[in-house]
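Mapping of the sequence shown onto mature numbering (1 follows the signal peptide of the UniProt record, and there is no 0): residues -25 to -1, 1 to 244, in sequence order. Everything on this sheet refers to the single structure shown next.
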Amino acid sequence: MALPKITGFLWFYLGILLAFGQVWTVNGQGKDGEWELPAEPAIAEDGLQIKLDRDLYKKQGSIVYASHLQSNEKLDISDSQLYRIAKDAFMEMRSSAKKNGLTEKIPNVMTTLFINNELIFASSAKGPKDPYNKDDQVVGDLTVCSKANEGRRHKNGGRCGEVMAFHEWYQTHVGSARLDKNSGAKIVAISEQWNAARTKREPLILPPCGNDKEWGCNVFINGVYALDDAKVAADLAKDPKKPAFRYKNMIKEKKLKPAPGKPVPPPKE
């Protein structure tokens, strides 16, 4: 009669294993403490190369999708063309999230930062921790804004797409001056919203967050040119037949390529 007891114990033990397995699945963490992911999904060769920052996710569970492309020549991109690129970036981000199996944790916003010969893409951040280190340059920008606003924090905790796009820029331009209206940069955030007729939800411009009571990206971007619907409409009015910026061709021809990564500091002596 010992067999039923053993069988019962085995079922009990199996139940414990399944319970822990469910915890690992929900939290995304394995036995070594790293957040688990499937293999890197394939990215379209002529796409904007937007993908999950897998190192950041594995270390702390923060979800940020990003890309940084660079040309050898200064890029001529109008407001309406940049808007179309930004919408493509939003759709690429959502596609990447689904391929990574993170459909319940898709960032709400995808931001595009354009400056000179570079296109920087970064989503808003999701996750349990700040997606940057306390000594990163973007934290300095946030601190300056906070001190100018009675020590209050950014409206959304400094996790917006604009903040993450600036962070991506600073990572490869270490020690550069704070981006401002004189930098020549343009920025636009895209989120899924109801259209004007409220018939469907589609990728549309999301103005920088912040208001009179709570500062946000309206202060953080420091005067950088932010696209809005009126600016895009005015650009199209000047040339209604303006074609899309052919970034796909440039990527195929290797004229627009991933920018070099963050410089590695020399070893300490």
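Every residue gets a Cβ at the ideal spot worked out from N, C-alpha and C, and that includes glycine.
Boundaries of the alpha helix (DSSP H) harbouring Leu57: Asp54 to Lys74, taken from the DSSP string. A Cβ-Cβ separation of about 6 angstroms places Val84 in contact with Leu181 under the 8 angstroms criterion. The beta carbon of Ser99 sits closer than 7 angstroms to those of Pro82, Asn83, Val84, Arg134, Cys135, Gly136 and Met139, all from its chain and outside the five residues before and after it, given in chain order. Here the alpha carbon of Cys192 sits roughly 8 angstroms from the alpha carbon of His129. By the neighbour-count criterion, in which a residue is buried when 16 or more other Cβ atoms sit within 10 angstroms of its Cβ, Trp169 is exposed. No Cβ-Cβ contact shorter than 8 angstroms links Ala201 with His43. Spanning the alpha carbons of Gln56 and Cys120 requires a straight line of approximately 31 angstroms. When secondary structure is reduced to three states using DSSP, Phe220 falls in the coil class, being assigned neither helix nor strand.
For the segment 137 to 178, not one full-length alpha helix (DSSP H) segment reaches 4 residues or more. Put simply, of Leu88, Lys109, Ala19 and Trp144 the residue whose alpha carbon is nearest the alpha carbon of Gly236 is Trp144. Note that the C-beta distance between Pro178 and Glu167 is below 8 angstroms. Lys104 sits close to Ser37, with the two beta carbons spaced by under 8 angstroms.
Between the segment 83 to 97 and the segment 54 to 72 there are three or more C-beta pairs closer than 8 angstroms, enough to call the two in contact. Under the three-state reduction of DSSP output, Ser121 falls in the helix class. The Cβ atoms of Gly198 and Lys227 lie no closer than 8 angstroms to each other. Judged by their CB atoms, His142 and Tyr107 are nearer to each other than the 8 angstroms cut-off. Per DSSP, the continuous alpha helix (DSSP H) segment holding Lys206 begins and ends at Asp204 to Lys213.
Between Lys101 and Ser71, the C-beta gap is not smaller than 8 angstroms, which leaves the two residues out of contact.
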